[in-house]
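Encoded as structure tokens, the structure appears first; notes follow it.
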Amino acid sequence: MQELTNNPHADSLQFHPNMARAIVLTFLLAVGLVAQEIPAPPPDVILQTDIEYSRVGGRVAMDVVMPREGKGPFPAVVCIHGGGFRAGNRASFLPIAYKLAQAGYVAATVSYRLSPRQQFPAAVEDVKAAVRFLRANADRFQIDSDRIGATGASAGGTLALMLGVTGGVEQFEGSGPALDQSSRVQAVVNFFGATNFIKSYDASVDAAEVLPMFLGGDRDHAYKLHVQASPLNWVSPDDAPTLTLHGTKDRYVAFEQGQWITDRLREASVTAEIIPFQDVDHGFGAFGPRLDEAIASMLIFFNKHLAKTPQRTIALSDHSTNGEIVVMEWPSAHVLRRIPNNRGHDVQMLPNGNILYTTGNWKRVIEVSPEGDEVWSYGLAEGLEHPIAAERLPNGNTLIGDMILGKVIEVTPAKKTVWEYANPELANSQMRSSRRTAAGTTLIAVERLNKIIEVDKSGKIIWTYQATGGDERFPYQPHRLPNGNTLMGLASPGEVIEVNPKGEIVHSVGGGDGDIRMVWCSGVQPLRGGGFMVSDYQGRRILEFNADWELVNEWRTGSRTVASLSVP
């Protein structure tokens, strides 16, 4: 747990005194404590007011604040006012929205249905509808729909947390607009919102008054709804990174509520932080000069988790029943296009944008253009039985491995064979991969015999690596590194290793006792500048490691079982 003292970023995020005063009043407004005229927007933002986003159970609207300068699409933040679920006004969050817009965000302050007239889950359904509305109107508001966050104070903090922990939970989507859009958010900043309503009665001056109106009964008479409305009970590993800002002397929402959600998220391996404000009560009115630090912390967190990450394009060979090549952006996993491969194994992105891939069941190696047109193939007519590996070489030829024929061949664009290596050990589905080295030798993974062999141009085996640690280590897709070592993936347990010419392991990740546990590391791809990516075939995830062998990105592939991947 981190206590915020001297924020090193605060100097760069100082506010004009009038704006600072407005923000103090905003937080009081946000929890329904005072009424105050909202300041006009500063000249560097654009304010659009009273934009209806839903009429389910009553009209609800939002005010949208956009940067006046800069080129979108921008990340967005949904701002949710407080007031005990029974009061408050979206305009109270406008000064915060102004600061977000000045920092390069599109900020939307949203109304939602209030109790006692509209009880849970109406408010949750509304804020989810607001997120969907923004995604459906991303072009209109210049929003990057992959980068939407949420923030809120008090009751609004609870609703922001519900957005963060119920992504994909259909029961809270309601019947509002844009149901074809996702209501998931990518980051949450929670200002002193309750997280466990069952325990709210034990340490709150108004829970016994507020919660029965919101939930249709007190804890004894609406226990199940108290559980369902508590963000703490919806935490899962795919939740949004979350920052909580909470006063340690909060009489309305106990400080422990913030600590509970932080701990639960961390237990689920979700990024979660809490900044305690010592001796501060509910509403931030007592923060004084430290309020600037709280807002600065919000901006820093959103900048970290909603910043646009540079994307590279990669291709995956999905060997599952999906049976397709998937070209996507990484690390966002945004799919750009799909190409049927009939459950093939190998794929390579070529410098000209074409895709080379195997379709073992179709007995073909195929090259397609970015438009999807077939521009080259080699297959049954040329004698292939089950091509499992294919690599376009710098000289324009193609290296093909056939696991039924037990051979690796190099063919020209005119389909003339200029090199061949045959070995009975490669036949009968025992071979899985072949890759040419910069020295002109060929590395071949004899998966079922747990070894890698290196063959020279004359067909002589000049190096062998025999995997140890079991009969199913299944080495796959070896790559010769510039330092002369060899990178490869293993199975049972999943592991990526770098071995030197002597066969000594000099680096590894995974294995039976590592901090990261994988199942079957099939596709391995070194990255320019160091590091590598690996597909954990049976673990159903893609992982990226930097040059220090530290995990930097990970994507759970769902139904996809990725046999290999390619990064240009």
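Counting with this note's numbering, you get residues 24 to 591 for the letters of the sequence shown.
Virtual Cβ for every residue (Gly too), placed ideally from N, Cα, C.
With respect to the beta strand (DSSP E) encompassing N256, which residues constitute its N-terminal and C-terminal limits? To locate residue 256, count along the sequence shown from 1; it is residue 233. No beta strand (DSSP E) contains N256, which DSSP labels as neither H nor E.
So which of R170, S545, L329 has the shortest CA-CA distance to H502? Looking up residue 502 in the sequence shown gives position 479. For H502, the nearest C-alpha among the options comes from S545.
Please classify T509 as buried or exposed, where buried requires at least 16 neighbouring CB atoms within 10 angstroms. One-based indexing of the sequence shown puts residue 509 at position 486. When all chains shown are included, T509 counts as buried.
Just to confirm my understanding: we take E477, look at its own chain, exclude 5 residues before and 5 after, and list those with CB closer than 6 Å. What are they? Reading the sequence shown from its first residue, position 454 is the one you call residue 477. Excluding positions up to five away in sequence, the list reads T464, L466, I485, W486.
Coil, strand or helix - D229 by DSSP: Your numbering for residue 229 matches position 206 in the sequence shown. Residue state, collapsed to three classes: coil.
How far does the beta strand (DSSP E) with W543 in it reach, from first residue to last? Along the sequence shown, read from residue 1 onward, the residue named residue 543 stands at position 520. Note, W543: beta strand (DSSP E), 541-549.
Exposed unless 16 or more other CB atoms sit within 10 angstroms - verdict on S292: Along the sequence shown, read from residue 1 onward, the residue named residue 292 stands at position 269. Exposed, because fewer than 16 other Cβ atoms sit within 10 Å of the Cβ of S292.
Is the stretch 331-338 touching the stretch 350-359 in the sense that three or more CB pairs, one from each, lie closer than 8 Å? yes
Sequence-distant residues of its chain with Cβ nearer than 7 Å to N537 (five each side left out): Position 514 of the sequence shown holds residue 537. Looking at the sequence shown, residue 537 is not Asn but Gly. So the list is empty, once near-sequence residues are dropped.
Please state if the CB of L182 and the CB of V212 are separated by a distance shorter than 8 Å. Indexing the sequence shown from 1 puts residue 212 at position 189. Indexing the sequence shown from 1 puts residue 182 at position 159. In this structure, L182 does not lie closer than 8 Å to V212 by Cβ.
According to DSSP, simplified to helix, strand and coil, what is N576? If you number the sequence shown from 1, residue 576 lands on position 553. Three-state DSSP puts N576 in a strand.
Would you call the CB atoms of L416 and V370 closer than 8 Å? Stepping through the sequence shown from its first residue, residue 416 is reached at position 393. Stepping through the sequence shown from its first residue, residue 370 is reached at position 347. Cβ distance not < 8 Å, so L416 and V370 don't count as in contact.
What would DSSP say about E495, mapped onto helix, strand or coil? Here residue 495 is taken as the residue at index 472 of the sequence shown, counted from 1. Reduced to three states, the DSSP call for E495 is coil.
From what residue to what residue does the beta strand (DSSP E) around I467 run? Stepping through the sequence shown from its first residue, residue 467 is reached at position 444. Segment 465-469, the beta strand (DSSP E) holding I467.
Exposed or buried, what is L614 when buried is set at 16 or more other beta-carbons lying within 10 Å of its beta-carbon? Because the chain is modelled from 24 through 591, residue 614 falls outside the range shown and cannot be assessed.
Have a look at A201 and Y76 and give me their C-alpha separation to the nearest angstrom. Looking up residue 201 in the sequence shown gives position 178. Looking up residue 76 in the sequence shown gives position 53. For A201 and Y76, the distance between alpha carbons rounds to 10 Å.
Just to confirm, is the Cβ distance from R496 to A468 under 8 Å? In the sequence shown, residue 496 corresponds to position 473, counting from 1. In the sequence shown, residue 468 corresponds to position 445, counting from 1. For R496 and A468, no; Cβs fall outside 8 Å.
With a threshold of 7 Å on Cβ separation, who are the neighbours of Q165 within its own chain once the five nearest residues in sequence on each side are excluded? Position 142 of the sequence shown, counting from 1, holds the residue named residue 165. Within the same chain, Q165 has close Cβ partners M89, G95, P96, F97, V129.
For E443, which residues from the same chain have a beta carbon less than 7 Å from its beta carbon, with the 5 sequence-adjacent residues on both sides left out? For the purposes of this step, residue 443 is taken as the residue at position 420 of the sequence shown. Contacts found: K430, I432.
Please go through the same chain and pick out, in chain order, the residues whose beta-carbon is closer than 8 Å to the beta-carbon of R289, but skip the five residues on each side of it. The residue labelled residue 289 in the question sits at position 266 within the sequence shown. Only A295 meet the Cβ criterion.
Quick one: is A322 buried, meaning 16 or more other Cβ sit within 10 Å of its Cβ, or exposed? Translated into the one-based positions of the sequence shown, residue 322 becomes position 299. Looking at the sequence shown, residue 322 is not Ala but Leu. With 16 or more Cβ atoms within 10 Å of its Cβ, L322 is classed as buried.
Identify which residue in V101, S223, G180 has its Cα closest to the Cα of F214. In the sequence shown, counting from the first residue as 1, residue 214 sits at position 191. Out of V101, S223, G180, G180 has the C-alpha closest to the C-alpha of F214.
Alpha helix (DSSP H) segment containing H328, residue limits: On the sequence shown, position 305 is the one that residue 328 refers to. It spans 314-329 - the alpha helix (DSSP H) in which H328 sits, taken as one unbroken run.
Would you please state the rounded distance, in angstroms, between the beta carbons of Y592 and R459? I believe it to be under 8 Å. Residue coverage of the chain in this structure runs from 24 to 591, which leaves residue 592 outside it and unanswerable.
Provide the residue span of the beta strand (DSSP E) that contains P90, from first to last. Position 67 of the sequence shown, counting from 1, holds the residue named residue 90. Where P90 is concerned, the enclosing beta strand (DSSP E) stretches over 83-90.
Using only the alpha-carbon positions, how far apart do V83 and A114 sit? Taking the first residue of the sequence shown as 1, we reach residue 83 at position 60. Taking the first residue of the sequence shown as 1, we reach residue 114 at position 91. Their Cα atoms are separated by approximately 13 Å.
Which of the three DSSP states, helix, strand or coil, is assigned to G175? By 1-based counting over the sequence shown, the position of residue 175 is 152. DSSP places G175 in strand when its eight states are reduced to three.
Along the chain, which unbroken stretches of the beta strand (DSSP E) at least 3 residues long are found entirely within the stretch 258-284? 265-270
Is the Cβ-Cβ distance between Q548 and L588 less than 8 Å? What you label residue 548 is simply residue 525 of the sequence shown in a count that begins at 1. What you label residue 588 is simply residue 565 of the sequence shown in a count that begins at 1. A contact, by the Cβ cut-off of 8 Å.
Less than 7 Å between C-beta atoms, sequence neighbours within five positions excluded: which residues of the same chain meet that for Q145? Residue 145 sits at position 122 when you count from the first residue of the sequence shown. Looking at the sequence itself, residue 145 is Ala, so the reference to Gln does not match. Correct list, in chain order: G80, R136.
Based on DSSP bridge pairs, tell me the residues matched to I520. Translated into the one-based positions of the sequence shown, residue 520 becomes position 497. Beta-bridge pairing links I520 to M511, S531.
Going by other Cβ atoms of all chains shown within 10 Å of its Cβ, with 16 needed for buried, is D149 buried or exposed? Residue numbering aside, residue 149 sits at position 126 when the sequence shown is read from its first letter. Buried, because 16 or more other Cβ atoms sit within 10 Å of the Cβ of D149.
Quick one: is A445 buried, meaning 16 or more other Cβ sit within 10 Å of its Cβ, or exposed? As a first step, residue 445 is located in the sequence shown; it is residue number 422 there, counting from the start. By the 10 Å Cβ count, A445 comes out exposed.
Opening and closing residue of the beta strand (DSSP E) in which E432 lies: Here the question's residue 432 lines up with position 409 in the sequence shown. It is worth fixing the name first, because residue 432 is Ile in this sequence and not Glu. Looking at the DSSP string, the run of the beta strand (DSSP E) that includes I432 is 430-434.
Start-end ranges of the beta strand (DSSP E) lying completely within the stretch 117-162, minimum 3 residues: 129-133
Leaving out five residues before and five after A33 in sequence, what residues of the same chain have Cβ atoms less than 7 Å from its Cβ? Reading the sequence shown from its first residue, position 10 is the one you call residue 33. Interpretation of A33 is limited by its pLDDT of 30, a score under 50 that renders its predicted location unreliable; no figure is taken from the coordinates.
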